[in-house]
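Student: Numbers 50 to 627, taken from this note's numbering, label the letters of the sequence shown in order. From the three backbone atoms N, C-alpha and C, an ideal C-beta is built for every residue, glycine too. Would you mind keeping the following structure in view while I ask a few things?
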Amino acid sequence: MKDKIIIHSKYQMIQTLENFNEEKIYLVKNIVNNQKYLLQSLDLSLITPEEINHIREKIELIKNIAKQSENNQRFPSLVDVFDEKKAIVIIYEKFGGNNLQNILNSRQLWTELEAVNYLYYLLESLDLIHRENLVHQIIKPQNLTINNQQIFINSYGKLSNLKSSLMETVTLEDKLYIAPEQIRGKIKISSDIYALGMVIISLVTGKNILSLEEDDTGKIIWSEGEKLTANFIQIIDKMIAYQTQNRYNNCQEVMADIAKFFPQRVSEKSLDYSTENIAHYTPTEIIIPTEKEEFSQEENYSNSSYLNPTEYVDSNNSNQKEKEIIVNDTELINAEDDIKSLLPLAEEYLSEESKSFSARIDSQNQREISNDNTVSNSSSLLPYSEHKFNLIRQIKTPRGILISFIICILIIFSFSWLKSYLYQKKVESLITEIQSYYEQENFDECIALINSNTVQSLPIANSLTDEFLGKCWLGLAEIQAVDGNFAEAINIAIQINRDSSDYERARQFIDDWSEQLFLEAKILCQTNSELSLIEEKLMPIPESSKWKKDALNLLDQCENNTNNNQVIPLCPGPLCPE
């Protein structure tokens with residue numbers, strides 16, 4: 050029994066809180082005074098020597114953070130550290146109070162202002178470990194505790210960076226608090242910011258995050274029907290952005306936006322430290338459209354500063370903006386030459402008329418000079434206003450009207466041709482860029498570009514999407530499959546639309562990957578593994594796959610085997626050894 054396990058002759062195990070292959074976190078109690086603690090244990094036999102050295106360095110950093118935290122109660126204090134040959138064991142104090150998962154289960158949701166205050170406080174806490182280049186990795190409601198209106202982070206996070214142990218042992222719901230890049234084994238500081246944003250969504254909306262939908266770009270749709278301000282929604286959206294380049298880089302950037310848009314937040318418990326990481330950070334500008342602001346389609350093509358009202362503008366981080374297709378000076382010069390070649394008819398009409406008009410003006414000037422002896426030789430030309438009057442009078446003649454009409458038609462035609470020319474160049478450039486991303490296997494960039502306003506605002510957006518988006522999704526899925534992540538590969542490939550030219554190929558791949566998951570689950574069943582692991586292995590197989598029925602049958606079979614393999618105790622009894 051777990052409750053009989055005694056660790057270091059001092060701590061008795063009560064409950065397993067986190068269970069990774071090489072790393073576990075338990076709730077324990079001191080057998081002398083019954084005081085409860087958290088125990089974090091690492092099995093060094095499952096970790097490489099290089100990773101072990103890295104973990105020991107982390108522990109030294111954690112000791113320093115714990116000392117800093119003694120006065121402000123951000124993280125638990127370290128009670129004991131046992132560094133042995135086969136294992137490293139760390140004992141933390143356990144905070145009193147209620148964790149956020151219990152609060153969420155009881156439907157005690159936060160108001161927006163409460164969420165802002167708690168979020169700011171947690172960002173300050175996370176920043177303490179991020180400054181040491183540590184990433185928590187397991188930010189979720191169960192690991193955050195509230196006591197007397199203060200919120201704490203229960204531990205210093207996962208010490209090992211092994212990808213497989215994290216993804217194979219957490220629950221399906223916990224995975225939704227894990228950033229997309231972390232699932233792929235790329236751990237960043239902004240991964241914690243993503244997880245914290247998902248926690249805030251849970252506590253503000255009360256929605257089951259398993260039920261939240263995503264759009265084609267991976268953006269989570271969570272704020273529909275919620276009475277929240279645009280500032281709050283867009284800060285959280287930026288925290289949980291699918292692409293890391295569209296997400297906040299560090300906690301201090303989020304805090305800067307909160308300070309700008311929510312100056313009324315409670316801040317008397319905030320830490321007093323320098324903000325060197327945001328010395329050059331310009332707070333996000335949140336653009337809210339007004340009724341008077343209207344943009345024509347022509348303005349959308351020609352004005353590269355146009356943004357969708359829901360997008361962020363970061364003036365200090367221009368590489369986060371959508372890529373705009375710019376026509377260079379050489380192309381404009383060539384276009385201008387082409388336009389000039391279209392005007393010979395106008396020049397032919399204007400040449401003769403200009404000579405005739407100039408001759409009449411000169412004749413009239415000479416007559417007026419001879420009749421007025423007071424006019425000096427320097428005034429031999431008519432005043433500008435008189436020339437203008439004569440020009441208007443000439444335009445009003447039938448011949449002048451015809452010439453003016455022809456010129457107007459040519460100008461309109463020229464601008465129409467120029468617009469068509471630039472549009473064609475823009476489309477060609479976009480297609481080239483998309484093909485380049487696909488050939489270089491930059492599938493994330495390929496998907497982001499296709500779903501961007503730059504492409505979706507084009508009249509041929511549907512054609513481009515049907516032709517290229519499926520290819521990029523499938524390419525991304527194949528990368529996951531090569532790494533053995535068949536469940537993630539299926540989740541990606543299933544997003545491919547029926548109208549895509551790659552839809553049938555995607556279905557075939559999904560069936561192949563579903564078969565692999567089925568075979569892996571079958572092995573787990575044969576080795577009498579836990580039923581929950583088998584169920585989790587089979588869950589990604591979609592209803593549309595031909596392997597779904599076999600998966601359900603296998604699950605029933607494994608469940609029956611589990612029930613039939615009950616252990617019959619020998620003692621007490623006649624077969625019990627003395």
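#1: Does DSSP classify T65 as helix, strand or coil?
#2: So what does I200 bridge to, in DSSP terms?
#3: Going by CA-CA distance only, name the one from Q505, R556, G533 and A536 that's closest to K520.
#4: Is it true that the CB of K189 sits closer than 8 Å to the CB of Y243?
#5: With distances taken Cα to Cα, identify the nearest neighbour of S563 among E584, E579, P589 and D551.
#6: On a CA-only basis, which of A115, S204 and L110 is nearest Y75? Give me that one, please.
#7: Could you tell me which of E273, I282 and I238 sits nearest to Q294, measuring between CA atoms?
#8: Would you grab the beta carbon distance between K597 and P591 for me? Rounded to a whole angstrom, and I think it's under 8 Å.
#9: At 4 residues or longer, what runs of the alpha helix (DSSP H) sit wholly inside the region 475-499?
#10: Could you please give the first and the last residue of the uninterrupted alpha helix (DSSP H) stretch that includes V77?
#11: Among R123, L603 and D265, which residue has its Cα nearest to the Cα of Q198?
#12: Just grab the DSSP bridge partners of N511 for me.
#13: Grouping DSSP H, G and I as helix and E and B as strand, with all else coil, what is N602?
#14: Could you give the distance in angstroms between the alpha-carbon of R156 and the alpha-carbon of G255?
#15: Rounded to a whole number of angstroms, what is the C-alpha to C-alpha distance between I258 and N298?
#16: Got a sec, what are the start and stop residues for the beta strand (DSSP E) F517 sits in?
#17: Here's the rule I'm using: 16 or more other beta-carbon atoms within 10 Å means buried, otherwise exposed. How should F447 be labelled?
#18: Taking its Cβ as the centre, do 16 or more other Cβ atoms sit within 10 Å of I250, making it buried, or is it exposed?
#19: Using DSSP bridges, identify the partner residues of S90.
#20: For I104, which residues in the same chain have their Cβ closer than 8 Å to its Cβ, ignoring the five residues on either side in sequence?
#21: Who are F131's beta bridge partners in DSSP?
#22: Using only alpha-carbon positions, find the residue among Y486, V531 and V476 that is nearest to V504.
#23: Counting only the same chain and skipping the five closest in sequence on each side, list residues whose C-beta sits under 7 Å from that of E516.
#24: Compute every distance between the C-beta of A497 and the non-hydrogen atoms of the ligand FMN, then say whether any falls below 7 Å.
#25: Report yes or no: do three or more beta-carbon pairs, one from the region 524-538 and one from the region 481-497, lie closer than 8 Å?
#26: In whole angstroms, what separates the C-alpha of I54 from that of E584?
#27: With a Cβ-Cβ cutoff of 8 Å, do L566 and F535 count as a contact?
#28: Buried or exposed: which applies to C607, given that a residue is buried once 16 or more other Cβ atoms fall within 10 Å of its Cβ?
#29: Please state whether DSSP places Q227 in a helix, a strand or coil.
#30: Could you tell me the boundaries of the alpha helix (DSSP H) in which T293 lies?
#31: Taking only the alpha-carbon atoms, compute the straight-line gap between L261 and E275 and give it to the nearest angstrom.
#32: Give the secondary structure of E553 by DSSP, where H, G and I count as helix, E and B as strand, and everything else as coil.
#33: Report the residue from E72, S174 and S94 whose alpha carbon sits nearest the alpha carbon of S118.
#34: With a Cβ-Cβ cutoff of 8 Å, do L498 and E482 count as a contact?
#35: What's the gap between the Cα of I63 and the Cα of K78?
#36: Could you please give the first and the last residue of the uninterrupted alpha helix (DSSP H) stretch that includes Y170?
Tutor: Walking through what the data contain:
#1: Strand.
#2: I200 is bridged to I195.
#3: Checked all of Q505, R556, G533 and A536; the closest Cα to K520 is R556.
#4: No, Cβ-Cβ distance for Y243 and K189 is not below 8 Å.
#5: Among E584, E579, P589 and D551, the Cα nearest to that of S563 is on P589.
#6: Nearest C-alpha to Y75: S204.
#7: The candidate whose alpha carbon is nearest that of Q294 is I238.
#8: P591 and K597 do touch by the CB rule: their CB atoms are close to 7 Å apart, below 8 Å.
#9: List check, alpha helix (DSSP H) in window: 492-499.
#10: First-last for V77: E72 to N79, but that is the beta strand (DSSP E), not the alpha helix (DSSP H).
#11: Checked all of R123, L603 and D265; the closest Cα to Q198 is R123.
#12: Bridge partners of N511: none, in fact.
#13: Three-state DSSP puts N602 in a helix.
#14: So the two alpha carbons sit approximately 7 Å from each other.
#15: I258 and N298: Cα-Cα distance of roughly 24 Å.
#16: Note, F517: premise wrong, no beta strand (DSSP E); not H, not E.
#17: The identity of residue 447 in the sequence shown is Pro, whereas the question assumes Phe. By the Cβ neighbour-count rule, P447 is exposed, with fewer than 16 other Cβ atoms within 10 Å of its own.
#18: I250 is buried by the Cβ-count criterion.
#19: According to DSSP, S90 bridges with K73 and V138.
#20: For I104, where only same-chain residues beyond five positions count, the Cβ hits under 8 Å are L91, I96, I137, L208 and S209.
#21: The partner list for F131 (beta bridge, DSSP) reads V138.
#22: Cα-wise, what sits closest to V504 is V476.
#23: Taking E516 as the centre and dropping the five residues before and after it, the same chain places the C-beta of S550 closer than 7 Å to its C-beta, in chain order.
#24: The ligand FMN is absent from the structure shown, which contains no ligand whatsoever.
#25: In short, these stretches touch, since the Cβ pair count reaches three.
#26: In a straight line, the C-alpha of I54 is about 29 Å away from that of E584.
#27: Taking the C-beta atoms as reference points, F535 is found nearer than 8 Å to L566.
#28: Result: buried.
#29: It is worth fixing the name first, because residue 227 is Ile in this sequence and not Gln. I227 falls in the coil class under three-state DSSP.
#30: T293: not part of any alpha helix (DSSP H); DSSP gives it neither H nor E.
#31: Spanning the two alpha carbons is a distance of roughly 13 Å.
#32: Note: E553 maps to helix in three-state DSSP.
#33: The shortest C-alpha separation from S118 is found at S174.
#34: Yes, they are a contact pair.
#35: Roughly 7 Å between the two C-alpha positions.
#36: Following the DSSP letters along the chain, one finds Y170 inside the alpha helix (DSSP H) bounded by residues E161 to H179.
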